[in-house]
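Take a look at the structure set out below.
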Amino acid sequence: MCRPWMILGCCVLSCGLWGVPPAAGQFVDGEWVQRGEASIRKYRMTNAAFLVLDAEGKLAADAEVRLEQEAHAFRLGWALRDRFPEAYDPTGELWRVFNEVSLKGLTSWRDVQPDADGVLRSDAIRAALDAAEEAGLSVHWGNLLSAEPFDLPEWVVPLRGQALYYAALAYALEVADTFGPRIDGLDLCDRLPAEDDPRFSAAMLRLIEAHLNAGLPGVESRLRVDGAWQSDRASAALGAMDVAANEQLGRDGFSASDRFPPRAVAQDQIEPALRRIAKVGRPLRITGLEVGGTHGIETTVNVETVVRTLFAEPSVTGITFAGLGPSDFADASATLIDEQGQPTGAGLVLDRLFRTVWWSDETTRTDELGRAQTRVFLGDYTVTATLADGATVSMPLRLRERDDSPEPIILMPVKAGGAGAD
């Protein structure tokens with residue numbers, strides 16, 4: 015029997031690009047792919063309706079309406095280890111699918127704690143924020159607090175109870191005051207209260223989160239849990255998530271970090287595990303994702319399998335990879351950008367999925383009553399209407415919530431007129 019990976023291997027080798035498949039083509043198949051695509055079309059897309067009028071306010075029949083997608087609503091990013099990559103190109107393959115960067119590698123409390131003058135040590139963070147802002151990327155802070163001693167200032171390590179709470183709250187408020195307007199989300203803590211040696215109790219985290227909620231409106235605050243998806247500690251992690259949810263923690267959900275070692279990914283095992291997490295009933299962000307393989311072809315197939323499974327689960331709001339290059343991952347096979355700064359086969363798969371398979375560039379026409387409707391992926395758009403007389407009108411449009419029966423958006427060109435015209 016000819017397996018999909020065998021066909022892929024022949025295609026890749028015939029191109030002379032080991033581990034780097036062609037940009038077109040689908041490398042996984044089966045009932046689960048069709049089922050996943052049905053879920054994606056249901057939960058990741060929305061109807062968009064328009065009413066086109068001419069400059070006189072009359073219904074414009076047979077007008078062309080085009081929706082050009084600029085970005086996804088779904089968050090897709092990577093964790094920054096140090097400096098912003100020099101190879102970054104917002105229009106280049108793979109780079110163009112990213113709309114977020116995580117500062118996790120720069121934001122441990124030990125590294126950011128105030129210096130002798132009481133000022134946060136933040137030169138690297140500010141440089142990364144400037145680069146992200148220029149690139150138009152949203153920013154995830156990473157872990158604010160940590161239960162791991164090596165991520166804490168030495169003077170904080172022995173603290174417990176109220177002393178720890180007041181120290182953590184003061185630090186959290188300082189970060190919020192200094193960087194709050196420039197960040198879009200953070201992981202409040204990297205250990206749940208129900209896990210072993212939690213250090214931070216539910217009462218502490220609930221109070222700190224309340225202060226952050228008041229001081230950082232609009233900034234997502236999640237709780238991080240490692241290995242909840244497919245590791246040998248998944249059951250314990252899932253139980254800790256249930257406890258945290260019942261304790262009214264993680265107002266914006268959980269960040270689940272996981273690593274797939276270099277071997278074939280079994281989709282029929284990871285999908286049920288993901289659904290168990292979804293039953294907690296909170297939004298889920300996948301962070302620190304690493305997907306390896308025993309060779310380039312297997313890594314490519316594994317990445318497509320994992321990403322398709324995640325995108326088909328409606329509770330997943332975004333994916334952040336552990337990094338980009340070989341040195342960013344525990345296993346170098348998971349790399350998305352090679353040492354020459356070019357996308358690997360896995361990187362090209364991400365580009366194909368999020369810029370071809372799950373990307374909207376739709377054109378429709380109005381009926382005799384000036385109405386038009388189409389279905390597109392949630393995200394940011396430029397909408398342009400071209401009327402039968404050649405007049406055009408263009409506007410930006412953000413589609414963030416799924417709506418099967420939306421109110422029509424009026425598209426109407428401005429009436430021409432000269433100086434002194436009524």
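By the count of this note's numbering, the sequence shown reaches residue 436 at its end, each step adding exactly one. Note that the Cβ used here is the ideal one computed from N, Cα and C, for glycine as well.
Contact check, residue i vs residue j, beta carbons under 9 angstroms
i	j	result
Leu-288	Thr-323	yes
Ala-250	Gly-302	no
Glu-304	Ala-258	no
Pro-178	Trp-123	Correcting the residue identity first, residue 178 is Leu in this sequence and not Pro. Taking 9 angstroms as the Cβ cut-off, Leu-178 and Trp-123 do not qualify as a contacting pair.
Gln-83	Ser-269	no
Leu-187	Ala-181	no
Gly-199	Arg-236	yes
Thr-192	Pro-420	no
Gly-91	Leu-151	yes
Leu-81	Thr-388	yes
Leu-226	Gly-264	no
Ala-69	Pro-427	yes
Ile-351	Leu-338	yes
Asn-260	Asp-204	no
Ala-278	Asn-316	yes
Ile-424	Leu-73	no
Ala-194	Gly-241	As written in the sequence, residue 194 is Gly, which differs from the Ala given in the question. Taking 9 angstroms as the Cβ cut-off, Gly-194 and Gly-241 do not qualify as a contacting pair.
Leu-219	Pro-231	no
Val-79	Thr-370	no
Pro-297	Ser-329	yes
Thr-319	Gln-281	yes
Pro-422	Ala-63	yes
Arg-5	Ala-161	Given that the chain is displayed from residue 15 to residue 436, the structure contains no residue 5 and the question cannot be resolved.
Gly-332	Ile-300	yes
His-154	Ser-215	no
Sheet register partners of residue i (DSSP bridge)
i	result
Ile-333	Leu-90, Ile-300
Ile-291	Answer is none; Ile-291 lacks a bridge partner.
Asp-394	Ala-85, Arg-412
Ala-399	Val-79, Val-407
Thr-61	Here residue 61 is Asn; the residue named in the question, Thr, does not match the sequence. Asn-61 pairs with Arg-389.
Ala-116	The question names Ala, yet the displayed sequence has Ser at residue 116. In DSSP, Ser-116 forms a bridge with Ala-93, His-154.
Val-42	BP columns for Val-42 are empty, so no partner.
Val-305	Phe-274
Leu-134	Pro-128
Leu-338	In the DSSP output, where bridge partners are listed per residue, Leu-338 has none listed.
Val-66	Leu-425
Leu-73	Leu-67
Limits of the alpha helix (DSSP H) - the one that residue i falls within
i	result
Phe-325	310-325
Tyr-57	45-57
Asn-1	Examination of residue 1 is not possible in this model, given that the chain is present from 15 through 436 alone.
Val-363	359-366
Asp-125	123-126
Start-to-end residues for the beta strand (DSSP E) that takes in residue i
i	result
Val-153	152-159
Glu-147	Element bounds for Glu-147: not the beta strand (DSSP E) but the alpha helix (DSSP H), 137-149.
Asp-272	268-274
Thr-380	Taken as a continuous stretch (DSSP letters only), Thr-380 belongs to no beta strand (DSSP E), as it is neither H nor E.
Arg-236	234-240
Ile-351	Run containing Ile-351: none; DSSP gives neither H nor E here.
Leu-230	Careful: Leu-230 lies outside any beta strand (DSSP E) and carries neither H nor E.
Leu-425	423-425
Quiz item: Counting only runs that start and end within the segment 174-219, where is the alpha helix (DSSP H) found for 4 or more residues in a row?
Solution: 175-193
Quiz item: Hey, is the segment 95-102 in contact with the segment 129-148, meaning 3+ C-beta pairs nearer than 8 angstroms?
Solution: yes
Quiz prompt | At least three beta-carbon pairs within less than 8 angstroms, the segment 378-389 to the segment 354-367 | solution = no
Quiz prompt | Segment contact flag, the segment 409-426 with the segment 99-112, C-beta cutoff 8 angstroms, min 3 pairs | solution = no
Quiz item: Does the count of Cβ pairs from the segment 115-134 and the segment 56-73 closer than 8 angstroms reach three?
Solution: no
Exercise. Count the C-beta pairs between the segment 396-412 and the segment 43-50 that are closer than 8 angstroms, then say yes if the count reaches three, no if not.
Key: no
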